[in-house]
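Working notes, beginning with the structure itself.
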Amino acid sequence: MLGVFGRKNHDQRREGGGVGEWLNVSFRPENFFPGLIIGFVLGLFLDLRTLQKNNSKVKKLPLLTSSKLKQQRHQMSTGTDEEMKLVLVVRQDLRMGAGKIASQCAHAATGMYAEMMQSHRSLLRQWEDCGQPKIVVTCKNQQEMNKLKEMAANIGLPTYVVSDAGRTQVLAGSKTVLAIGPGRKASVDSVTGKLRLL
Numbered sequence: 217m218l219g220v221f222g223r224k225n226h227d228q229r230r231e232g233g234g235v236g237e238w239l240n241v242s243f244r245p246e247n248f249f250p251g252l253i254i255g256f257v258l259g260l261f262l263d264l265r266t267l268q269k270n271n272s273k274v275k276k277l278p279l280l281t282s283s284k285l286k287q288q289r290h291q292m293s294t295g296t297d298e299e300m301k302l303v304l305v306v307r308q309d310l311r312m313g314a315g316k317i318a319s320q321c322a323h324a325a326t327g328m329y330a331e332m333m334q335s336h337r338s339l340l341r342q343w344e345d346c347g348q349p350k351i352v353v354t355c356k357n358q359q360e361m362n363k364l365k366e367m368a369a370n371i372g373l374p375t376y377v378v379s380d381a382g383r384t385q386v387l388a389g390s391k392t393v394l395a396i397g398p399g400r401k402a403s404v405d406s407v408t409g410k411l412r413l414l
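Residue numbers (our numbering): 217 to 414.
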């Protein structure tokens, strides 16, 4: 076949039509696809070698995790490395179940967040940059909750009280959870530091 092909090309070149026949043979699937694959693999190999050489010349920088980046951003924005936190105070006298307590704490956290978005965005940002720490503690009753709310307000800490709708476990209008903060850890601890963790 090569002999015939070679002779044919030789004869056609004399006549001026050999290039078209050569292209037709080159673009046949049995010739084209293997050539395409070999070219791709060779190009990939050369590209990877170049990339590997370039990477060895680049100075490796330490990787920062998102928590480290947030911490650095917090330190730059506040000028300090003081921690922030939010404390959720749950009334024990209502004897709520675990699911009810979780639901009420979620209401307190999201309610406080919504209020902070409206009035104290910079404080909210600082708390977010600290990782949004939240602590859940208990108080004995409504009277103790009222005292804690007053103490927090007196030192300028934001507060939010959840009033239950009364659909399950507790009466409508019952004050179930008090959110104090977010605020500087030392300030929040001055109000809630002696309360027992839930």
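Beta carbons: idealized from backbone N, C-alpha and C, even for Gly.
Which term fits residue i, buried or exposed, when burial requires 16 or more other beta carbons within 10 angstroms of its beta carbon?
i	result
G382	exposed
G315	exposed
G399	buried
D380	buried
K410	exposed
K301	buried
L340	buried
L373	buried
L262	exposed
A324	buried
Pull up the DSSP beta-bridge partners for residue i, would you.
i	result
K365	DSSP, once it has assigned bridges, lists no residue as partnering K365.
Y376	A395
C321	Answer is none; C321 lacks a bridge partner.
R307	C355
L302	K350
Measuring straight from C-alpha to C-alpha, what distance separates residue i and residue j?
i	j	result
M333	Q385	31 Å
R265	F256	14 Å
I396	A388	22 Å
T294	T408	The predicted model places T294 with a pLDDT of 46, which falls under 50 and marks its position as unreliable; any figure quoted below should be read in that light. Approximately 23 Å between the Cα atoms of the pair.
L414	L260	59 Å
L258	G251	10 Å
T392	K350	17 Å
T326	Q359	24 Å
D345	V404	17 Å
Quick check on this structure: which residue in the options has the alpha carbon closest to the alpha carbon of residue i?
i	options	result
L304	P245, R311, M312 and I317	I317
Y376	R244, A330, L252 and R341	A330
K356	L364, F249 and P349	L364
R311	R337, T408, Q342 and S390	S390
D366	W343, L394 and R412	First, the amino acid is wrong: residue 366 is Glu here, not Asp. Of the listed residues, the one whose Cα sits closest to E366 is L394.
Going along the chain, which residues of its own chain have a beta-carbon closer than 6 Å to the beta-carbon of residue i, five neighbours each way excluded?
i	result
G313	none
Return no unless some Cβ of chain C is closer than 7 Å to the Cβ of residue i.
i	result
E299	Going by chain labels, chain C is absent from the structure shown, which holds only one protein chain.
Can you list, in chain order, the residues of its chain whose CB lies under 7 Å from that of residue i, leaving out five sequence neighbours each side?
i	result
L277	Confidence in L277 is poor, its pLDDT being 46 and thus under 50, which makes the residue's placement unreliable; the coordinate value appears in the next sentence. Within the same chain, L277 has no close Cβ partners at all.
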